[in-house]
Structure formats: structure tokens, C-alpha cells
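Worksheet for the structure shown next.
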Amino acid sequence: MRLCDHFSVQILQVSLGVVLGLVYSMPIDNNTINILPLGDSITQGSYRQDSYRRPLWHLLQQQGYTVNFVGSLETNSGGASPNPDFDLDHEGRWGWRVDEILNGRIGQGKLSDWLQTYTPDIALVHLGTNDIVHPNSVESTLDELDQVIDVLRADNPNVTILLAQLIPNSYPDVNQRIQVLNTRMVDLAANQTQPTSPVQVVDHHSGFDHTTDTYDGIHPNEDGIAKMAQVWAEALYPFLN
């Protein structure tokens, strides 16, 4: 996939690797940064397989950052995290489209409701896969992602938003539409970015192989979550510093 910079938006493409040698170190300062993992099943994980949240948490701890994951959920789909040795809070909703994140499901609330209980400084947004699968149009999905940014800013006008270009999956027609959506995200971020509330596109598509990095063609396995964690970490470091 070939992408180019648009306006002041920079696409982060980082080298991908397996996270090794996870060790804890003392935090570098006393300022806690609230980070919201926001997405669907790829963010939530299952009772058998954690998501990128676990290796990302350990990476940030290893680097000495004082961060706090926020969200209204602590469980994975189907039960508890299989490895609950990290900050479990998140807003990953298995099977949810972007319009459902905005408008909610009966009895489960919506983004504006969940934000009443926490305020993120940084949001990690990996949303749109379920929209493309259904399939909703790329245009409607972009419009809804645009609204997600507005809702996050209504809660915190200075929030930093890291907007993921989606990982690929094993369905060629779906993956083709994902690539179109990923390309269009550059313009979305350029139009939405503000001096006090940047929107940064983060490339999770390049270097991710659905044949080796997922356990079912869609959801990341251990290698896949390690790759995603490394990409998120590289995108986060400049803002945490």
C-alpha cells in the first residue's frame, strides 16, 4: 500500500518486531497519562487470547512511563483476560461497528456515556473493521470516525488521537475496502487535527501478515499483538515525552 503525507499529517511506519525481555522499571516522572484503548474485538481480545493492550502496557512500563489505561470494561470477550498482569481497563467492544460505538446498544451504553466516568489524554482508535465487513460504505465509516473524534474532544478538548490504519485480514474483498479506508484516513486526520488536539495516523497495516499474525484470519495471535503493541508504542513515545 502506498500512502503519502497530506498537509501536516505524518503516517507513522515503524519497524515491527516481537516484544521480548519485558521488565519493569521506575517511572520517569509523577505525571500519569490516561490512555484509552478504543476499538472492537481486535482491541478487546478474548478469554483465550489477549489483545495488543497487554504487551503495550508492559512496553510502556519497561520504558518507565507512568500511564493509566482507562475504559468502562476490564474483561475480554467471553471472560477474563488469560494473562491479567497489566492494566485491564479498555473500551474494546467485540463485533461493534463505529456507528454502534457512537449510538450504543441497548443496555450497553455508548461512547459519550462511557466518557462520563473517565477522561483520556490519549485515545488509541482502531475502529472500522466490522463496518467494512457488513459492509458499510467507506464514506459512512469515515463520517462516523469523524464523529468519534468530536465526541472525544467534547470530553477533553486537548485529547491526542492516534487513529489506526486497520490491520489486514484473510478476506480479499474486505481487505481491498480496508485499504481504501486506510488511505482515506489521511485526509480525515488532516481535516480534524488541531494544535492542541492532534490526530495522528498510525499504520498498522504495513508489515502485518494475516496468515502468520492472526489465529483466524482476523484476530491477532501472539505475534500479531506484539507487532501492534510495538507500532502503538512507537507512535506514543513522542507524546509521552
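For the sequence shown, the numbering used here begins at 577 and goes up steadily by one. We put the beta carbon where it would ideally sit given N, CA and C, even for glycine.
The DSSP-derived three-state label of residue 650 is coil. Close CB contacts of residue 621 within its chain, under the 6 angstroms cut and outside five residues either way in sequence, are with 627 and 652 (chain order). 624 is the residue among 624, 793 and 762 whose C-alpha sits nearest the C-alpha of residue 659.
If the five residues before and after residue 761 are omitted, its C-beta is found closer than 8 angstroms to the C-beta atoms of 718, 721, 739, 741 and 777, all from its own chain and listed in chain order. Residue range 798 to 816 is occupied by the alpha helix (DSSP H) that includes residue 815. Cβ contact annotation for residue 791 (same chain, cutoff 7 angstroms, sequence separation greater than five): 625 and 797, in chain order. Contact between residue 619 and residue 668 holds, with the beta-carbon distance rounding to 3 angstroms and staying under 8 angstroms. Between residue 754 and residue 744, the C-beta spacing is below 8 angstroms.
At a Cβ-Cβ threshold of 8 angstroms, residue 617 and residue 670 count as neighbours. Measuring C-alpha to C-alpha distances from residue 691 to each of 749, 654, 661 and 613 identifies 613 as the nearest. Residues 588, 738, 776 and 778 of the same chain have their beta carbon placed closer than 7 angstroms to that of residue 811, with the five preceding and five following residues left out of the count.
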